[in-house]
Ligand SMILES: [Mg+2]
């Protein structure tokens with residue numbers, strides 16, 4: 018069960034940015050550890066590689082319809098993530114603006130960043146929510162963050178991103194979402210009965 022910090026009641030302020038880690042969160046595999054290259058992605062079977070392909074597509078579509086921003090925060094390789102996301106949800110939804118990787122932060126993709134995912138969350142939040150660093154301090158609860166790393170999730174929570182969710186071995190899937198949506202104040206957000214698998 019993934020929620021590290023639960024709230025007793027639904028939130029009065031709805032989150033405005035949803036951020037996923039990539040490997041072992043959006044994906045059920047670790048693309049970096051598996052050595053998957055950008056050119057390999059076209060030949061990958063998405064149903065095998067993505068934790069819950071139909072649900073993720075539906076979820077992102079629903080988020081965009083609701084005016085939420087979406088983003089990826091990963092220590093992996095940008096080009097690989099971009100290639101996957103273009104296949105998963107179609108081109109144009111994810112780009113260099115909302116895929117944060119170490120190469121955007123003065124490091125090399127594939128390396129962990131000092132500060133874990135916190136610098137990425139801060140940067141994404143300011144950019145995607147058009148918030149100044151001062152405003153961000155008041156808006157960290159507007160960000161939902163999913164990651165399979167305990168260290169990353171704890172680091173985020175300790176830095177005020179209280180709606181950070183630890184993803185277990187299932188990855189980001191409908192079942193996990195149903196377990197965490199109410200504590201996140203998002204119980205009416207995503208109607209799974211309207212799953213759209215048209216991009217499969
Ligand atoms: Mg991961």
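In our numbering, the protein residues as written are 18 to 217. C-beta: ideal position from N, C-alpha, C; glycine also.
Item, Value
"Around the Cβ of residue 118, are there at least 16 other Cβ atoms within 10 angstroms (buried) or fewer (exposed)?", "buried"
"Just to check my reading of the structure: residue 176 and residue 38 have Cβ atoms closer than 8 Å, yes? What is that Cβ distance to the nearest angstrom?", "With 8 Å as the limit, residue 176 and residue 38 do not qualify as a contact, their Cβ atoms being about 16 Å apart."
"According to DSSP, is residue 142 part of a helix, a strand, or is it coil?", "helix"
"Following the continuous alpha helix (DSSP H) through residue 98, name the residue where it begins and the one where it ends.", "95-106"
"Which of the three DSSP states is assigned to residue 60 in this structure?", "helix"
"Enumerate in chain order the residues of its own chain whose CB-to-CB distance from residue 125 is below 7 Å, with the five nearest sequence positions on each side excluded.", "119"
"Could you check what DSSP says for residue 206 in three-state terms: helix, strand or coil?", "coil"
"Determine, using beta carbons only, whether residue 173 and residue 138 come nearer to each other than 8 Å.", "yes"
"Heavy atom of ligand 1 less than 7 Å from the Cβ of residue 38, yes or no?", "yes"
"Given the structure, does residue 149 come close to ligand 1, in the sense that its CB is under 7 Å from one of the ligand's heavy atoms?", "no"
"Please indicate yes or no: does the CB of residue 45 lie closer than 7 Å to some heavy atom of ligand 1?", "no"
"If contacts are defined as beta-carbon pairs under 8 Å, then residue 33 and residue 85 qualify, I think. What distance do you get, rounded to the angstrom?", "6 Å"
"According to DSSP, simplified to helix, strand and coil, what is residue 39?", "helix"
"Go ahead and label residue 93 buried or exposed: buried means 16 or more other beta carbons lie within 10 angstroms of its beta carbon, across all protein chains shown.", "buried"
"Buried or exposed, going by whether 16 or more other CB atoms sit within 10 Å of the CB of residue 134?", "buried"
"If I measure Cβ to Cβ from residue 65 and keep anything under 7 Å in the same chain, skipping five residues before and after, which residues do I get?", "none"
"Check each candidate in 104, 122, 182 and name the one with the smallest Cα separation from residue 70.", "104"
"Leaving aside the five residues before and after residue 127 along the sequence, list all residues of the same chain whose C-beta is less than 8 Å from its C-beta, in chain order.", "49, 92, 93, 94, 119"
"Please report how far the alpha carbon of residue 87 lies from the alpha carbon of residue 111, in whole angstroms.", "8 Å"
"Cβ of residue 182 within 8 Å of Cβ of residue 163?", "yes"
"So is the beta-carbon of residue 118 under 7 Å away from any non-hydrogen atom of ligand 1?", "no"
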